[in-house]
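In our numbering, the protein residues as written are 898 to 1298.
What follows is a short report on a single structure.
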C-alpha cells in the first residue's frame, strides 16, 4: 500500500510541475499566428485603414485557397490609433500569444519597438519605409516592403536635377514634425542635395492635419518642393498652392499620393505634381493588382475600387507569407528571418520592382517609377525605373512632437 501511495504522490507532483511549467509559456496553436498593428482610426487612418484591409483580405484569400503549407493563417490584429504606447502594449500581447511575425505600421512606433523586436527575434515588416529600419546589422528582425523614404527623396532630387533648366534648382522640404516626417530628409536627402547641386532653401513644417498650410506656404519661393505627408495634409498643400497661384512643382513621396488624394486635389495643372510610388497603383496592368481587384470585388462588393494603400498592405503580408512558406515546419523567428534574407528578385506581382533582401540590407530595392497627377488620376510618367545606389544611409535625427 505504501508503494502505491508513494507512486500516486510522485505522479501527482509530476503533473502539478508540468502544469505550472506551462503557465509561463506562449500560447500554442496549429494555426500560423501573424500579428498586426494597424492605424484604422488615428492620425494616419486616412491611409492606414486601406493598408490594414489589404493585409486582412489577403490572409482571408490565402486561407480560402489552402493556407500556407496546408496550415491556416490566423491574423491577430488591433487598431492602435497611431499611439506609440498602444503599439507597445499590443506588441507585448502579440509576443505572449506566440506570433511568428508581425505586420506593423508607423515609423515612430516601429522604431520604438526595435529593441524588443530584436530581443524577441520576431520578424517585423512595417508600413514605415524608414531607411533606419532597413539596416540588417543594427536591426536584424526589421524589414521594409518598399523603397525607403531616404531613397525616395534622393530619387526625387535626382528627378528635379534632371528636369530643371537651371543648374542649381531651389527646393523646399515639406514635412510634419514626427519621426515619419523627418525620416527622408535629415541628414540623408539634405546631404544628397549638396552632392548633386540642388539648393534646399526652405524647410516647412505642416502637421498631418494640414492646418495652417496656406499661411506657411504663402512666402515659399522654391521652384520645387518634396512632400513627406499623408493624405489630408497633402491635399491641403496642393489646394493652398492653387489658391496662392504658386508655380512650385511638387514631388510627393509615397504616403502623400494615392488615388483618393488625386481625386480630392481636384484639377491640377499639367506637369505640376509628380509622385514617387514604389509599388503599383489600382489602374496598373500588373498580375498582383488584377488579383487584388478580384479579392476586393469578392469581399467588398460595395467598394468598386481601392487605392494603392490596399496594394501596400498586400505586398507586406505577401512577403512575410512567402518566407513562412519557405520555412516549412520550422517557424522559429531565426529561420523566417533567414528565409526573408534569401529572397532574391521575388515578384509580388503588384510592383514594378522585385524584392531582394540580404543579411545587411533589409529594403527590397532602391528604384521607383515616377507618376504624375492628371485629370484627377495617377498615371505613369514613363516606363522607366529611376534608381540610385542601393545602400544603407546614415541615421537621421528627429524631433518628436
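Built from N, CA and C at the ideal position, the CB exists for glycine as well.
What does a CB cutoff of less than 7 Å around residue i pick up in its chain, not counting 5 residues either side in sequence?
i	result
residue 1119	1067, 1068, 1069, 1098, 1099 and 1145
residue 1167	1271
residue 987	934, 975 and 977
residue 964	970
residue 1102	1072, 1073 and 1074
residue 1234	1020, 1037 and 1038
residue 927	968
residue 1161	1132
residue 1277	1266 and 1268
Quick check: residue i and residue j, are their CB atoms within less than 8 Å of each other?
i	j	result
residue 1177	residue 1205	yes
residue 1050	residue 1082	yes
residue 1228	residue 997	yes
residue 1087	residue 1111	no
residue 1053	residue 1150	yes
residue 1188	residue 1169	no
residue 1216	residue 1022	yes
residue 1237	residue 1012	no
residue 956	residue 1128	no
residue 958	residue 1192	yes
residue 953	residue 972	yes
residue 949	residue 981	no
residue 1165	residue 1135	yes
residue 1018	residue 1185	no
Can you give me the Cβ contacts of residue i inside the same chain, cut-off strictly under 6 Å, excluding the 5 residues immediately before and after it?
i	result
residue 1032	1289
residue 1104	1073
residue 946	937
residue 1133	1107 and 1110
residue 1001	934, 1007, 1021 and 1023
residue 1220	1233, 1236 and 1237
residue 942	936
residue 984	934, 977 and 1006
residue 990	none
residue 951	1207, 1210 and 1211
Out of the options, which has the shortest C-alpha to C-alpha gap to residue i?
i	options	result
residue 1106	1092, 1085, 1084 and 1131	1131
residue 1286	1190, 1089 and 1214	1089
residue 1015	1034, 1024 and 1005	1034
residue 979	939, 1012, 1055 and 929	939
residue 1274	944, 1221 and 1202	1202
residue 1004	1019, 1017, 1030 and 983	1030
residue 1061	1173, 1096, 1186 and 928	1096
residue 929	1225, 1251 and 1269	1225
residue 1251	1198, 1212 and 1280	1212
residue 961	1222, 1200, 1196 and 1278	1196
residue 1172	1200, 951, 1123 and 1091	1123
residue 1137	1153, 1152 and 1113	1113
residue 1153	1175, 1142 and 1194	1175
residue 1026	1143, 1198 and 1126	1126
With a threshold of 8 Å on Cβ separation, who are the neighbours of residue i within its own chain once the five nearest residues in sequence on each side are excluded?
i	result
residue 918	Caution applies to residue 918, whose pLDDT of 46 falls short of 50 and renders its modelled position unreliable; the value that the coordinates give is listed next. Answer for residue 918: no residue qualifies.
residue 1094	1058, 1064 and 1065
residue 923	For residue 923, the pLDDT reaches just 46, beneath the cut-off of 50, and the residue's location in the model is therefore unreliable, although a value from the coordinates is still provided. Taken in chain order, the residues that qualify are 992, 993, 994 and 995.
residue 1283	1052, 1055, 1056, 1264, 1265, 1266 and 1267
residue 1253	1240, 1241, 1242, 1243, 1261 and 1262
residue 1255	1033 and 1238
residue 967	none
residue 1121	1057, 1061, 1066, 1067, 1068, 1069, 1145, 1146, 1147 and 1148
residue 1222	965 and 966
Could you please give me the residues that DSSP links to residue i through a beta bridge?
i	result
residue 1102	1072
residue 965	968
residue 1274	1271
residue 1115	In DSSP, residue 1115 forms no bridge with anything.
residue 1124	1071 and 1149
residue 1023	1041
residue 1096	1067
residue 1159	Per DSSP, none; premise fails for residue 1159.
residue 932	973 and 999
residue 1172	1149 and 1268
residue 1252	1243
residue 1282	1266
residue 1258	1032
Legend entry - Stretch-stretch touch, CB-based, cutoff 8 Å, three pairs: the region 1032 to 1047 with the region 1254 to 1265: yes
Inset, instruction - Examine the Cβ distances between the region 1243 to 1256 and the region 1169 to 1183 and report whether three or more of them are shorter than 8 Å. - result: Yes, the region 1243 to 1256 touches the region 1169 to 1183.
Inset, instruction - Determine contact between the region 1152 to 1162 and the region 1196 to 1210, defined as no fewer than three beta-carbon pairs at a distance below 8 Å. - result: yes
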